[in-house]
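Notes to accompany the following structure.
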Amino acid sequence: MSDNEQLPVWEVFMQQKNGGPHQHVGNVHAADAEIALQNARDVYARRGGNGSIWVVPLETIYASGSDDEAPFFDPSDDKAYRHPNFYRVPKAVKNL
Amino acid sequence: MKLEELKDSTREALFGYLLFLGDSNLVLGHRLSEWCGHGPMLEEDIALANLALDCVGQSANFLKLAGEVEGKNRNEDDLAYLRDAVDFRNATIAELPRGDFGYTIMRQFLVSTYLYIVFKNLRESSFDDLKSIAQKSIKEIKYHVRHSSEWVLRLGDGTEESHERIQKSLNELWRYTDELFTHTATDKTLIEQNIISDMSKYHSEWLEIVSQVIKEATLTIPEEKTYLYHNGREGKHTEYLGHMLAEMQILPRSHPGAVW
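Same order as they appear, the protein sequences are chains A and B. Quick note, the first sequence lines up with residues 0 to 95 if you use numbering that gives the first Met the number 0. Quick note, the second sequence lines up with residues 0 to 259 if you use numbering that gives the first Met the number 0.
Rendered as structure tokens:
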């Protein structure tokens with residue numbers, strides 16, 4: 000297969016435990032969602048896993064670029080009051 | 000029922016049936032493993048290898064139990080690697096060469112659907128050890144059914160070429176499916192003691208599940224079945240099995256007792 004014959008790319012997100020976040024683990028090629036899900040299972044969960052898997056078509060992801068870096072992230076650097084450092088987290092709160 | 004409660008005649012019959020389950024999975028698993036590095040795309044290459052590992056793993060469980068039931072001090076490796084083709088009891092359909100991707104997928108679909116019904120019933124087996132293997136294996140089988148039936152749908156209802164090729168595979172494989180629902184004379188005692196199910200009673204259930212997917216995939220079940228002289232459960236195999244075993248068994252036979 001040459002490059003332009005590759006099937007669409009799906010980004011794969013896996014949850015490690017129920018209630019936890021889905022984290023990006025990689026991607027797979029597939030013609031449709033069901034096969035993408037099965038490919039994700041076979042490639043990324045074959046040696047175990049739990050929770051759930053999401054597959055997302057790459058072209059539906061709208062992402063920030065390197066040009067956006069400064070305006071997006073810098074303003075918070077020098078403002079300590081933007082961070083929740085001065086609150087005590089109750090012991091009962093998990094997964095924060 | 001536990002192992003030590005089985006009568007001698009039951010043990011002998013059960014040994015035969017466990018070889019059928021173990022050998023069918025081993026041979027099918029080996030055929031799947033032949034795709035490793037040759038899959039149509041990386042993801043499917045890994046998927047087929049996963050299926051192969053599941054089949055070989057299930058086979059190891061059945062053959063280990065077969066060795067214990069036989070009581071002649073043979074373990075799963077002895078049974079897998081040190082028997083000749085005539086002593087194998089696998090279903091004929093499992094030993095046929097892997098063909099193209101459509102052929103492999105169609106076979107997997109027909110066999111996995113069958114094994115799904117077998118394992119579903121074995122979960123109620125009166126023999127504890129068999130019951131627990133079935134309980135463990137059924138999850139894997141469910142995935143095999145899902146994976147293969149989704150591909151049957153896509154290849155059948157895909158391009159002109161994929162449709163034609165998978166229809167041809169179905170035509171070739173169909174005649175081997177009747178054998179799956181037959182029993183040997185010694186199975187009778189196992190059925191009577193509820194150790195295994197009489198699979199001849201489940202042919203229509205299997206046909207219903209299979210027909211539904213085949214119809215949705217715009218494929219047609221062949222009308223006539225050619226009579227076959229093969230019967231894997233009696234050790235009457237095609238010429239393909241011997242060749243496959245030669246490759247599969249060469250290492251342990253050339254280097255007896257070799258370890259990793």
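Cβ atoms here follow ideal geometry from the backbone N, Cα and C, with glycine treated the same way. For clarity, every value in this text was computed on a predicted model and none was experimentally measured.
Inter-residue Cα distance where the pair is residue i and residue j
{"i": "residue 176 of chain B", "j": "residue 253 of chain B", "result": "35 Å"}
{"i": "residue 87 of chain A", "j": "residue 14 of chain A", "result": "27 Å"}
{"i": "residue 159 of chain B", "j": "residue 5 of chain A", "result": "20 Å"}
{"i": "residue 185 of chain B", "j": "residue 57 of chain A", "result": "57 Å"}
{"i": "residue 164 of chain B", "j": "residue 153 of chain B", "result": "12 Å"}
{"i": "residue 85 of chain B", "j": "residue 94 of chain B", "result": "13 Å"}
{"i": "residue 261 of chain B", "j": "residue 151 of chain B", "result": "Given that chain B is displayed from residue 0 to residue 259, the structure contains no residue 261 of chain B and the question cannot be resolved."}
{"i": "residue 81 of chain B", "j": "residue 68 of chain B", "result": "18 Å"}
{"i": "residue 142 of chain B", "j": "residue 44 of chain A", "result": "13 Å"}
{"i": "residue 0 of chain A", "j": "residue 27 of chain A", "result": "Annotation note: pLDDT 46 at residue 0 of chain A (below 50); position unreliable, coordinate value reported separately. For residue 0 of chain A and residue 27 of chain A, the distance between alpha carbons rounds to 15 Å."}
{"i": "residue 227 of chain B", "j": "residue 18 of chain B", "result": "21 Å"}
{"i": "residue 234 of chain B", "j": "residue 15 of chain B", "result": "11 Å"}
{"i": "residue 5 of chain B", "j": "residue 232 of chain B", "result": "22 Å"}
{"i": "residue 67 of chain A", "j": "residue 73 of chain A", "result": "10 Å"}
{"i": "residue 34 of chain A", "j": "residue 25 of chain A", "result": "16 Å"}
{"i": "residue 60 of chain A", "j": "residue 223 of chain B", "result": "51 Å"}
{"i": "residue 247 of chain B", "j": "residue 58 of chain B", "result": "14 Å"}
{"i": "residue 77 of chain A", "j": "residue 85 of chain A", "result": "16 Å"}
{"i": "residue 32 of chain A", "j": "residue 50 of chain A", "result": "18 Å"}
{"i": "residue 259 of chain B", "j": "residue 249 of chain B", "result": "15 Å"}
Cβ-Cβ separation, residue j to residue i (assumed contact under 8 Å), whole Å
{"i": "residue 29 of chain A", "j": "residue 7 of chain A", "result": "7 Å"}
{"i": "residue 201 of chain B", "j": "residue 96 of chain B", "result": "Contact doesn't hold; Cβ gap of about 28 Å is too wide."}
{"i": "residue 92 of chain B", "j": "residue 115 of chain B", "result": "Contact flag wrong, Cβ pair sits at about 15 Å."}
{"i": "residue 219 of chain B", "j": "residue 166 of chain B", "result": "7 Å"}
{"i": "residue 285 of chain B", "j": "residue 2 of chain B", "result": "Residue 285 of chain B lies beyond the residue range present for chain B, which begins at 0 and ends at 259; the question has no answer from this structure."}
C-beta atoms of residue i and residue j nearer than 8 Å
{"i": "residue 9 of chain A", "j": "residue 42 of chain A", "result": "no"}
{"i": "residue 28 of chain B", "j": "residue 51 of chain B", "result": "yes"}
{"i": "residue 24 of chain B", "j": "residue 54 of chain B", "result": "yes"}
{"i": "residue 35 of chain B", "j": "residue 46 of chain B", "result": "no"}
{"i": "residue 94 of chain A", "j": "residue 47 of chain A", "result": "no"}
{"i": "residue 125 of chain B", "j": "residue 192 of chain B", "result": "yes"}
{"i": "residue 189 of chain B", "j": "residue 79 of chain B", "result": "no"}
{"i": "residue 199 of chain B", "j": "residue 180 of chain B", "result": "yes"}
{"i": "residue 20 of chain B", "j": "residue 61 of chain B", "result": "yes"}
{"i": "residue 255 of chain B", "j": "residue 76 of chain B", "result": "no"}
{"i": "residue 97 of chain A", "j": "residue 65 of chain A", "result": "Outside the shown range of chain A (0 to 95) lies residue 97 of chain A, about which nothing can therefore be said."}
{"i": "residue 72 of chain B", "j": "residue 63 of chain B", "result": "no"}
{"i": "residue 174 of chain B", "j": "residue 225 of chain B", "result": "yes"}
Nearest neighbour of residue i, chosen from the options [CA to CA]
{"i": "residue 111 of chain B", "options": "B/128, B/136 and B/161", "result": "B/136"}
{"i": "residue 221 of chain B", "options": "B/113, B/228 and B/172", "result": "B/172"}
{"i": "residue 108 of chain B", "options": "B/210, B/123 and B/203", "result": "B/210"}
{"i": "residue 44 of chain B", "options": "A/79, A/77 and A/37", "result": "A/37"}
{"i": "residue 214 of chain B", "options": "B/138, B/120 and B/169", "result": "B/169"}
{"i": "residue 208 of chain B", "options": "B/83, B/74 and B/113", "result": "B/113"}
{"i": "residue 122 of chain B", "options": "B/8, B/70, B/162 and B/194", "result": "B/194"}
{"i": "residue 52 of chain A", "options": "A/16, A/89, A/91 and A/92", "result": "A/16"}
Using a Cβ distance threshold of 8 Å, determine whether the region 18-34 of chain B contacts the region 234-250 of chain B, with at least three qualifying pairs required. yes
Say whether the region 34-54 of chain B touches the region 97-104 of chain B, bearing in mind that this needs 3 or more beta-carbon pairs closer than 8 Å, one atom from each stretch. yes
Does the region 131-148 of chain B come into contact with the region 104-122 of chain B, if we say contact requires no fewer than three beta-carbon pairs (one atom in each stretch) closer than 8 Å? yes
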